[in-house]
Amino acid sequence: MSILQVKDLTAGYGVQDVLFGVSLSIDFGEIVAVMGPNGSGKSTLLRVISGALSGRQGEILYKGQSLLNSSPQQIVQMGLSWVPQEENIFPSLTVRENLEIGAHRVKKGVEDRIDEVCAIFPQLRDRMTQTAGDLSGGQRQMLAVARGLMIHPELLLLDEPTAGLAPNLVQIMLEKIREIATRMGNAVLLVSQTIDSVRLSNRGYLLSAGRIRYEDRTEALLANREIKDLYFGAQTK
Amino acid sequence: MLNYFSSYLVIACIYAIMALGLNLQWGFTGLMNFGIGAFYMLGAYTSAIFTGSPSPDHLGGFGLPVILGILGAALLPGLAAWLLSFPALKLRGGPFAIALLAIMETLHLVIRNESWLTNGVWGIRGIPRPLFELVNPRAYSFYFLIIAGSALILTWLAMQWAVNSPWGRVLRGIREDEYLTSMSGKNIFRYRQQSFVLSSMIMGVAGSLYVHYTGFVSPQVFSPLMSTFIVWLMVMVGGTGSNSGVVLGAFLVWAVWVGSDFLTDLVPASIATQIGFIRMLVVGAILMVTILTRPQGLLSRRLFTAEIREKR
Amino acid sequence: MADLLVSGIIYGSIITLAAIGLTLMSDILKFFNFAYGDFFSLGAYGTLLVLGLLPKGVPFPGLSFGWALILGLLVSVVITVAVMLLFEWLFFRRLRQLGVSPLFVSIASLGVAFVIRALINISWGPKVRYYSNVIQISRELPLGIRITSDEIVILISALFLVVLVYLFLKRTRIGKAMRAASDNPVLAEASGVSTRAVILWTWSISGILVAVAGTFYGIEVQLSPGMGWSFLIPMFVAVIMGGIGSFWGALLGGMTIGISEELITGLVQNLVNSMNIQADISVYKPAVAFVFVVLILLLKPYGIFGKRER
Chain A
1 MSILQVKDLT AGYGVQDVLF GVSLSIDFGE IVAVMGPNGS GKSTLLRVIS
51 GALSGRQGEI LYKGQSLLNS SPQQIVQMGL SWVPQEENIF PSLTVRENLE
101 IGAHRVKKGV EDRIDEVCAI FPQLRDRMTQ TAGDLSGGQR QMLAVARGLM
151 IHPELLLLDE PTAGLAPNLV QIMLEKIREI ATRMGNAVLL VSQTIDSVRL
201 SNRGYLLSAG RIRYEDRTEA LLANREIKDL YFGAQTK
Chain B
1001 MLNYFSSYLV IACIYAIMAL GLNLQWGFTG LMNFGIGAFY MLGAYTSAIF
1051 TGSPSPDHLG GFGLPVILGI LGAALLPGLA AWLLSFPALK LRGGPFAIAL
1101 LAIMETLHLV IRNESWLTNG VWGIRGIPRP LFELVNPRAY SFYFLIIAGS
1151 ALILTWLAMQ WAVNSPWGRV LRGIREDEYL TSMSGKNIFR YRQQSFVLSS
1201 MIMGVAGSLY VHYTGFVSPQ VFSPLMSTFI VWLMVMVGGT GSNSGVVLGA
1251 FLVWAVWVGS DFLTDLVPAS IATQIGFIRM LVVGAILMVT ILTRPQGLLS
1301 RRLFTAEIRE KR
Chain C
2001 MADLLVSGII YGSIITLAAI GLTLMSDILK FFNFAYGDFF SLGAYGTLLV
2051 LGLLPKGVPF PGLSFGWALI LGLLVSVVIT VAVMLLFEWL FFRRLRQLGV
2101 SPLFVSIASL GVAFVIRALI NISWGPKVRY YSNVIQISRE LPLGIRITSD
2151 EIVILISALF LVVLVYLFLK RTRIGKAMRA ASDNPVLAEA SGVSTRAVIL
2201 WTWSISGILV AVAGTFYGIE VQLSPGMGWS FLIPMFVAVI MGGIGSFWGA
2251 LLGGMTIGIS EELITGLVQN LVNSMNIQAD ISVYKPAVAF VFVVLILLLK
2301 PYGIFGKRER
């Protein structure tokens, strides 16, 4: 059984649909990428899966259970954690408080989990009492992901985790994501426009204008001339 | 009996004019103004001071003809609104409402306390009533109804024309999508200011009509409930954004109001004294129910319904 | 001058208590609750109600009130919070579910305000009331400060309550959840924070604060059905000035508005009196509030500690 199955999902904002009949699946422990240009609906896809936005039609199954009428709170308790691209931390809370909120539903062992994520992101260790809004871009991103890890998710939804980061930080972040997947064994659904991020995955989908155009192993997708030129243009030089 | 009815109609017409003014500010421009009574008061007192007979107690008594009184009642609130628009229109939504409420409260208190200007709580009497000498005093309501009714029709026509004019279309554009409208080069502030000023002038005229009808003005007449919030109720019930709707709302709400007067004769004395508060209770309840069940009001343009309920 | 400062601080403390509750509510519930002033009145009258039911007790030495009022206050807090939760459950929650936009919900809250005020008027009548007829004499403190014992108790209690709320928001699990929901409601939900719980706690905390504030005003001055409505303007101005959702903003805003209104109108009054002009300057308090709100928003559009676009 897959950990996540999206079947024919149609969704949007108000009267405007953004996703049209999207289908994909992820196995336990797999890292899957959804790539595509700006505006293709990648963020919307993650929004719907996490419960922040309602789907209009279609089905989403998490470990066989339908997510369609579940609230974001219920979904996160099932083990599905979402890290948005923007507005992904609590700026007026301290770093520690951000992590604590990430573990809001966790009854015991919150301190241990904080230690765990600090082992992955050591930079956070020294900044526990700092206000999150004062962190640098890179530190924020790390905090955002760390917050998402606090519930020990079985599926992690990452929306452009390296967006806006300086090149050296990009590499670090990607390593961290790989480290997380290895250590915790969780599946990852990674949404990105950049080749580097996409390379983390074994398998990928190409989303364009709200529809899945291609599905294949990542290397095959990236080797595909058409896809490279059309969607990754300047990056491939 | 007929006199009661024509008196009801006159006041309903005056409130309908107020409601049309509020509709311009709120329905078409999205200004949530909880201080409209300020302009109503300004118009009323301006008229009183301009046209009243001289008195040692207070300013005014210039004895000017009624027509100048009405003109003054339009211009002074307009000027006040114009001056206020510079600071006040920087605010939106709740803060704007509070700011205008503060203005109204201040004005109300000033009128009550500055006796040298307004004769304070004793009010100003002897305001000329047009045609009063010419007609049977008992039947005055009928004759004033001609004036009030014409004023209402004129205002309604003006508002209909304004709303459908290019100017009105820009206003609606601002209300629906301000960003987009500003991108097309329109000076948003100017349009909102014009709407605010025009609306205030209309309310000033309503105030003027009121005092020329009753021949008397005092601060008690302009409580926040009677000068501002009853008009809001009329607009909410009648239909935000619909000129015909708010006029209907005015007549309906005022009918309920006057109707409750009849009830005071039917109920025991202990309840009769509470009538004022029971009315307040009913106003509150009707407002709550209206927004719960039909926030767009009875007659409303479909255009605005979409904004009242956000799509999830 | 010292007198004005003292009365300004008392007045400011009462506004601050209410403003802290109001800023939380405006932020988390996302609308301007114009009935808040009348909940203030409800708090005061609730205490009066219970006071009337209890046997007349002996005031504490030096104060105008005794155990009866304390008990009355506690019960009134419960009543006020219960009434507010009732309106939330029957009315405001429905409006949210229907997706009614915040401006319209604010207008709807006006309806609630009128209902409550009318009921208070009908139940107790328009005449002014007092909790007790014990007259308080001011005591003389160093620096020429004159203050009554009641006022000292009010100040200390207000401070205590403010600290309590601060600790609640900062240290408790639900307090942090409320702050998180205020910062980023979507992410809070995605972290498992219950929106329902946050909303209920928000109503409750602001209910407690506003009921206490109303009762303090009743002790300090008097009770009248319109008492809360006249506080509406300074309370909202404090919230707006401080930044919607900001605890420190409400504190700063509340004290600033309270002290300024008293000081400015008081000083101008002294000036006017010395020039032998007959005028009551205290009526211009709302005008002071208006000027403040405009000034601050010109400099800092979201308030001094304001967070983001509303």
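Residue numbers (this note's numbering), protein chains in the order written: chain A, 1 to 237; chain B, 1001 to 1312; chain C, 2001 to 2310.
Built from N, CA and C at the ideal position, the CB exists for glycine as well.
If you follow the alpha helix (DSSP H) that C/R2171 is in, where does it begin and where does it stop? Segment 2149 to 2171, the alpha helix (DSSP H) holding C/R2171.
Return yes when the Cβ of B/Y1015 is within less than 8 Å of the Cβ of B/V1231, no when it is not. Going by beta carbons, B/V1231 and B/Y1015 fall inside the 8 Å limit.
A/A146 to C/R2171 span [Cα, whole Å]: Linking A/A146 to C/R2171 through their CA atoms gives a straight-line distance of about 21 Å.
Would you check whether the ligand GTP has a heavy atom nearer than 7 Å to the C-beta of C/S2041? As presented, the structure is devoid of all ligands, the ligand GTP included, so that no description of it is given.
Using a C-beta to C-beta distance shorter than 7 Å, which residues of chain A count as neighbours of C/A2250? Chain A residues near C/A2250: none, gap ~14 Å exceeds 7 Å.
Pair within 8 Å by beta-carbon distance, C/S2206 and C/G2021: Contact: yes.
Short-range partners of chain B found in the region 2038 to 2051 of chain C, where Cβ spacing is below 8 Å: Only those residues of the region 2038 to 2051 of chain C whose C-beta falls short of 8 Å from the nearest C-beta of chain B would be listed, and there are none.
Evaluate contact between the region 1194 to 1206 of chain B and the region 1099 to 1114 of chain B, counting only Cβ atoms and requiring at least three cross-stretch pairs below 8 Å. Below 8 Å, too few C-beta pairs join the region 1194 to 1206 of chain B and the region 1099 to 1114 of chain B to call them touching: fewer than three.
Is A/E111 close to chain C, meaning its C-beta is less than 8 Å from at least one C-beta of that chain? Closer than 8 Å: no.
For B/A1151, which option in B/L1298, B/G1297, B/L1002, B/A1012 has the closest C-alpha, if you only look at C-alpha atoms? Among B/L1298, B/G1297, B/L1002, B/A1012, the Cα nearest to that of B/A1151 is on B/A1012.
Check whether the Cβ atoms of A/V6 and A/G204 lie closer than 8 Å to each other. Contact annotation: A/V6 and A/G204 have beta-carbon atoms that are not nearer than 8 Å.
What residue from C/Y2036, C/L2063, C/S2123 has the CA that sits closest to C/I2208's CA? Per the Cα distances, C/Y2036.
Quick check on B/Q1274 - is its C-beta less than 8 Å from some C-beta in chain C? Using a Cβ-Cβ cut-off of 8 Å, B/Q1274 counts as an interface residue toward chain C, since at least one Cβ of chain C sits closer than that to its own.
Between the C-alpha atoms of C/F2091 and C/V2112, what's the straight-line distance to the nearest angstrom? Straight-line Cα distance between these residues: approximately 9 Å.
Proximity test, Cβ basis, 8 Å: A/P84 and chain C: A/P84 counts as touching chain C.
Please name the residue, chosen from A/A144, A/E154, A/L189, that lies closest to A/G79 on a Cα-to-Cα basis. The option with the nearest alpha carbon to A/G79 is A/E154.
Count the other CB atoms, across all protein chains shown, that sit within 10 Å of the CB of B/F1196; report buried if there are 16 or more and exposed otherwise. Buried, since its Cβ has 16 or more Cβ neighbours within 10 Å.
Chain-ordered chain C contacts of A/V76 [CB-CB under 7 Å]: Within chain C, the residues near A/V76 are A2190, S2191, G2192.
Quickly, what does DSSP pair A/M35 with across the bridge? List them, please. Note: A/M35 sits in a beta bridge opposite A/S192, A/L206.
Distance between A/L156 and A/L189 (C-alpha atoms, nearest Å): Rounded to the nearest angstrom, the two C-alpha atoms are 6 Å apart.
Could you spell out where the beta strand (DSSP E) holding A/V18 opens and where it closes? Segment 16 to 26, the beta strand (DSSP E) holding A/V18.
Over what stretch of residues does the alpha helix (DSSP H) that includes B/G1297 continue unbroken? No alpha helix (DSSP H) contains B/G1297, which DSSP labels as neither H nor E.
Which whole-angstrom value describes the C-beta separation of C/F2216 and C/I2154, a residue pair presumed to lie in contact below a C-beta threshold of 8 Å? Sure, about 5 Å apart at Cβ, within 8 Å.
Pull up the distance between the alpha-carbon of C/F2040 and that of B/V1211, whole angstroms please. Cα-Cα distance, rounded: 36 Å.
With distances taken between CB atoms, is the gap from C/Y2131 to C/G2218 smaller than 8 Å? Yes, the Cβ-Cβ distance between C/Y2131 and C/G2218 is below 8 Å.
Give the single residue among C/R2129, C/I2147, C/V2128 whose Cα lies nearest to the Cα of C/I2137. When only C-alpha atoms are compared, the closest one is C/I2147.
Consider the Cβ of A/E116: report whether some Cβ of chain D lies at a distance smaller than 8 Å. Of the protein chains in this structure, namely A, B and C, none is chain D.
Near C/S2106, which residues of its chain fall below 7 Å by C-beta distance, leaving aside the five closest residues on each side in sequence? For C/S2106, the CB contacts under 7 Å within the same chain, skipping 5 residues up- and downstream, are F2031, F2032, F2034 in chain order.
C/G2242 lies in the alpha helix (DSSP H); which residues open and close that run? 2227 to 2242 is the extent of the alpha helix (DSSP H) around C/G2242.
Pull up the DSSP beta-bridge partners for A/K7, would you. For A/K7, DSSP records a beta bridge to A/E59.
At 9 Å on the CB atoms, spell out the chain A contacts of C/N2121, in chain order. Simply none; closest approach about 41 Å.
Could you tell me whether the Cβ of C/I2020 comes closer than 8 Å to any Cβ of chain A? Output row for C/I2020: interface = no.
Taking 8 Å as the CB-CB limit, is A/E160 close to chain C? Contact of A/E160 with chain C is not assigned, every C-beta pair being separated by 8 Å or more.
Can you find a C-beta in chain B that's less than 8 Å from the C-beta of C/L2095? Interface flag for C/L2095 against chain B is set, since a Cβ pair is found closer than 8 Å.
I'd like to check one pair, B/L1068 with B/F1050: are the Cβ atoms closer than 8 Å? In this structure, B/F1050 lies near B/L1068, with their beta-carbon atoms less than 8 Å apart.
Which term fits A/V198, buried or exposed, when burial requires 16 or more other beta carbons within 10 angstroms of its beta carbon? Per the 10 Å Cβ criterion, buried.
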